[in-house]
Amino acid sequence: MATLRPLAENDIPAVAALFGRVYPQHRWASQAACESYFREMLFDNPWRDLQLPSWVAEENGRIAGIQAVIPRRMQFCGRSIRVAVNCQLMVDPDKRHSLIALQLAKACLSGPQDLTLTDGANDLSRRMWIVLGGTAPPLYNLHWIRPLRPARYMLSLLEDRAAFILPLTLAARPLSVLADTLAARLRPDWFPREQAGLTEDALDPATMLEHLPDVMNGSLLQPAYDTRSLMWLLNQAALKIRHGTLRARAVRSGKLRLIGWYLYYVRAGGISEVVQIAARKGSFEQVFQHLLADAWRHGALAVRGRLDPGHAAELSDRCCWLRRESPCTLVHSRFADVLAAIHQGGAFLSRLEGEWWLRFQGG
C-alpha cells in the first residue's frame with residue numbers, strides 16, 4: 189500500500205511529470221509552465237490553509253498519485269466555514285488498478301474542513317465518493333442550455349457526433365444560417381432582446397463585493413469573497429481561454445441601481461459557457477435576458493450553465509433545456525445541516541466556487 193503525506197512545494201516537478209503521464213493529450217507548452225501553474229494554484233492561492241493540504245501517495249520513493257486541494261471560505265447561515273475544493277485526483281497509469289485513488293480521496297475527506305466540494309468529477313470519482321460517504325446532489329448536477337441560433341446549434345451537434353457526414357454538414361451550413369435568419373423574423377419573441385429601461389456596464393470586483401449581500405437572496409450557503417481573493421479568482425478565470433473570452437457585466441435599472449450581473453465566456457460560432465449569474469430578488473429574468481441578448485450579439489450559437497435551483501422556473505420560461513451532463517458535482521460534509529441546504533437547493537454554487545474555472549488541463 190502506498191504511503192500518504194501532505195504535498196510539499198519541492199514535489200511540484202514530480203507532480204508535473206505525473207500530470208504528463210496521466211494526461212499526455214493535454215501537455216503544457218513546457219514543463220516549466222506546468223510546474224509554475226501547479227505551484228501558483230496549490231501554494232500561492234489567496235486561501236492557502238496549512239491544515240487543508242494537498243496529498244500525495246508515494247511508492248518506492250516515487251510519487252504515484254496526488255489529490256490536489258484548494259481551500260476556500262464560504263458562509264453558512266451567517267457563519268464562516270472552511271471548504272476544501274478537490275481537484276486533480278491523479279494516479280500513475282501503472283498504478284491505475286491499485287487502491288491509491290481511494291486512499292487519497294479518503295485522506296482528503298477526513299480533513300478538518302466543514303465541506304468538501306468538487307464540480308469536475310468523472311463517473312469513477314462519483315462512485316468512489318459515494319462509497320466514502322459523499323453525495324452527488326441531483327439539483328446541482330443539472331445543466332441548462334438555451335439555443336440562440338437553433339439550426340446552427342443542431343448542426344454543430346451533428347458535426348461533433350457524426351464526423352463521417354462532415355461533407356453534408358458543411359453543405360448544410362448556409363441553409364442553417366438562412367433558417368435562423370427566417371426564424372428571427374417570423375418569431376422575434378423567441379429571440380433575446382435587451383429590455384428597455386435597463387443599462388449595462390463593466391463588472392469589477394469592487395462592485396461584486398459591495399452588492400454580494402443584495403443578490404444572495406437568503407441562500408443558506410453562499411460564497412465569501414474579499415478584494416484580494418476575488419481579484420485573483422477573476423484574473424485566473426479570464427485566462428481560461430479554451431471557452432472563449434470572459435465577459436463580466438453589471439445590469440442596472442434606469443436609476444443606475446444594480447439589479448444583478450453575469451459572467452460568461454463569449455464564443456462566437458459555438459456554445460458560450462456561463463460562469464455566474466447573480467440577481468436581486470425578482471430581477472433574475474431581466475439579468476438573464478440581458479445575458480442572452482449579449483451572447484446573441486456576439487455570435488453565440490447557444491448559452492449553457494449549471495442550474496441554480498432557485499431559478500429553475502425562470503430558466504424554463506426562457507425556453508432552456510435541462511439535462512444531466514458531465515462533469516459531476518460532488519459534496520461531502522460531516523454536518524447534516526450543510527448537506528441538507530445543498531440537497532434542498534439552498535446553496536449558491538456557481539462555477540466560481542468549485543474547480544470548473546481551473547486550467548490544469550490547458551487553457
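The numbering of the sequence shown is the working numbering, which starts it at 189 and goes up by one.
In this text, a Cβ means the ideal position worked out from N, Cα and C, and glycines have one as well.
- Of the candidates Arg430, Phe536, Met229 and Arg511, Phe536 places its Cα closest to the Cα of Ile465.
- Each of Val491, Tyr211, Leu195 and Trp545 was checked against the Cα of Leu230, and the nearest Cα belongs to Leu195.
- Under the three-state reduction of DSSP, Arg193 is assigned to strand.
- Boundaries of the alpha helix (DSSP H) harbouring Phe231: Gln219 to Phe231, taken from the DSSP string.
- Following the DSSP letters along the chain, one finds Gln291 inside the alpha helix (DSSP H) bounded by residues Ile288 to Leu297.
- Taking Cys222 as the centre and dropping the five residues before and after it, the same chain places the C-beta of Ala204, Phe207 and Trp216 closer than 7 Å to its C-beta, in chain order.
- Across the structure, Trp235 and Glu541 are spaced so that their CA atoms are roughly 13 Å apart.
- Leu444 and Ser471 have their C-alpha atoms roughly 14 Å apart.
- The alpha helix (DSSP H) runs of length 4 or more contained entirely in the region 390–440 are, from start to end of the chain, 393–403 and 415–426.
- Each residue's CA atom was taken as its position, placing His285 and Glu246 some 15 Å apart.
- By the C-beta density criterion, Pro212 is exposed, having fewer than 16 other C-beta atoms within 10 angstroms.
- Bounds of any alpha helix (DSSP H) do not take in Phe264; it lies within the beta strand (DSSP E) bounded by Arg250 to Phe264.
- From the listed residues Ala425, Tyr450 and Arg492, the smallest Cα separation to Ile459 is found for Arg492.
- Taken atom to atom, the span from the alpha-carbon of Tyr341 to that of Ala488 is near 9 Å.
- Less than 8 Å separates the beta-carbon of Gly253 from that of Asp280.
- Apart from sequence neighbours up to five positions away, the residues of its chain that approach Asp199 with a beta-carbon distance below 7 Å are Val244 and Ile251, ordered along the chain.
- In the assembly as shown, His399 is a buried residue. Its beta-carbon has 16 or more other beta-carbons within 10 Å.
- Secondary structure of Trp449 (DSSP, three-state): strand.
- Between the alpha carbons of Ile447 and Leu330 lies a distance of about 25 Å.
- Taking C-beta separations shorter than 6 Å and ignoring five residues to either side along the sequence, the partners of Trp449 in its chain run Leu391, Ala438 and Ala466, following chain order.
- When Ala436, His431 and Arg430 are compared, the shortest CA-CA separation from Pro393 is found for Ala436.
- Per DSSP, Glu541 has no beta bridge partner at all.
- The three-state reading of DSSP puts His531 in helix, counting H, G and I together.
- By the Cβ criterion, the region 403–418 is in contact with the region 257–270, since at least three pairs of Cβ atoms, one from each stretch, lie closer than 8 Å.
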